[in-house]
Structure formats: structure tokens, C-alpha cells
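A.B. asks: Below you'll find the structure I mean.
This is the structure in C-alpha cells:
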């Protein structure tokens, strides 16, 4: 997949990279990145010599039919692990377990602390569960990563990607061994996550928003729904007004 996918990506888009020397040549490490685009999980592994394992929703691996099998093969090929999101805490616990297993094998584990793609290009508050718990449970160093301009390559609604150079900045490893054994302390988890998000903010230059991206997406969805309802109500009122004016005009012209 590094040849079939990574090679063409690097040739077509020519991503620039800073901080490759911070990625260890062997041994476990966590790549904690901002999340701007679906393509983030492809550009980052493409520029690294080592395999990076990310988490992906299980639906990518279980869709029936030829297309579903091809999709599953693709995601397995690029090193993504399926996570069943059913249950109240299903996704979080499955992601933590998978991350620990990857790191215990001495491999690289990629994670997006925001939990979802940014809805507007800004950096949102990191979720304290997955990243911090995996880091403290394994003792693996955390490398903050900033994806630059990947959201501009294929904006929402665009079918054809735009050929442009995205960027990747990889920061120096962060050591959280001072918190070893405290992976169930919510204050420690919050402190670890905030420290990583601060480093990502410095690398990316993004504006930081101290709420979760999922909450912002709900706000945007509710606002869009309210705007749609308002437009529908306005259109209905205008239609009723036009009908009244038509009836009034008809009465005036009647003999």
C-alpha cells in the first residue's frame, strides 16, 4: 500500500514535511494529530518509512457487496483497525485496547485526539480518554502532529481533488512517564491531553476552540435545521400572502 497508494500521493500532491527526524526508527510511539480531512490518514503514513496504524469505524470493514469488500481490503491495506462503535463506551474502550496492542508490538499508533474531523478548520478540545490512557498505560512517547491544508484538497461537495501541496509538521516527542500508573485519574488525563493539544496548536497555527468538535457539529446541524425551518415557514407565509392578494384582486374584478 505504501507503493500503490503512498507513491502516487507523494508524486501528485508533493506534501512537504518537517520533523521527520522526531519519528523513532524503531519501537513504539503515538502520533497524535489534528484532523482536517479524510485524507489525513493517508498523507501521514505516505511520508513515513514505518507503518502507522489508525482506528476506523467498523462499518468500513463490514459493508456487503463487491464495493464493501474492496473498501475493507483498502482500509486493512493502509493499516487501519476496525472499531465497533456500538454501546455507550464501545468505541472508546475498543480504541484504547487496540492502541495498546499496537504499541505493545513496538509499532506506531496514530490517533486524532479531537475524535472527529474539524468542521471549520479550527482546532478543537481533545477528548481525554483514548490518547492519554493509551500513553500512560504503555509509556510510549507522544509525537504531536499538525496536518496543514489537507481540508483544502477536497472540500465538502467537491468530487475532484485539488492538486496542491499539503504540509505535515511532526513535533518532538512528549514524555508523560511522570504520570505512569495514573491513567484512571481524570485530572491527569485532562492535563496530558491539553498539553498535547497545545503542542499541536503551536505546530499547526490553528485557532483553538475550547469545546469538543462533536458539540460544534451538533450546533451547526441544529442551526442549519433551524434555518431550513425558517426558510420553509417564510416560503409558506409568502405563498399564503400571494394567494390572499390573488383572491382580493379576483373579488375586485368580479362584475
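Residue numbers (my numbering): 333 to 587. C-beta atoms are modelled at their ideal positions from N, C-alpha and C, and glycine is treated no differently.
(1) Taking Cβ to Cβ, would you say residue 514 is nearer than 9 Å to residue 440?
(2) Grab me the residues of residue 404's own chain with a C-beta within less than 6 Å of its C-beta, minus the 5 sequence neighbours each way, in chain order.
(3) Provide the residue span of the beta strand (DSSP E) that contains residue 478, from first to last.
(4) For residue 541, which three-state DSSP category applies?
(5) Using CA coordinates, which residue listed in 354, 444, 572 is at the minimum distance from residue 373?
(6) If I measure Cβ to Cβ from residue 546 and keep anything under 7 Å in the same chain, skipping five residues before and after, which residues do I get?
(7) Nearest-angstrom Cα distance between residue 380 and residue 338?
(8) What whole-angstrom Cβ distance do residue 347 and residue 499 have, given they're in contact under 8 Å?
(9) Counting C-beta neighbours from all protein chains within 10 Å, is the total for residue 487 16 or more, i.e. buried, or is it exposed?
(10) Can you give me the C-alpha to C-alpha distance between residue 504 and residue 530, rounded to a whole angstrom?
(11) What separation, rounded to the nearest whole angstrom, lies between the Cα atoms of residue 420 and residue 459?
(12) Quick one: using the 10 Å Cβ neighbour count with 16 as the cut-off for buried, is residue 457 buried or exposed?
C.D. replies: For this structure:
(1) no
(2) 393
(3) 474-480
(4) strand
(5) Per the Cα distances, 444.
(6) 447, 448
(7) Going from the Cα of residue 380 to the Cα of residue 338 covers about 9 Å.
(8) 7 Å
(9) exposed
(10) Between the C-alpha atoms of residue 504 and residue 530 there is a straight-line separation of about 13 Å.
(11) Interpretation of residue 420 is limited by its pLDDT of 46, a score under 50 that renders its predicted location unreliable; no figure is taken from the coordinates.
(12) buried
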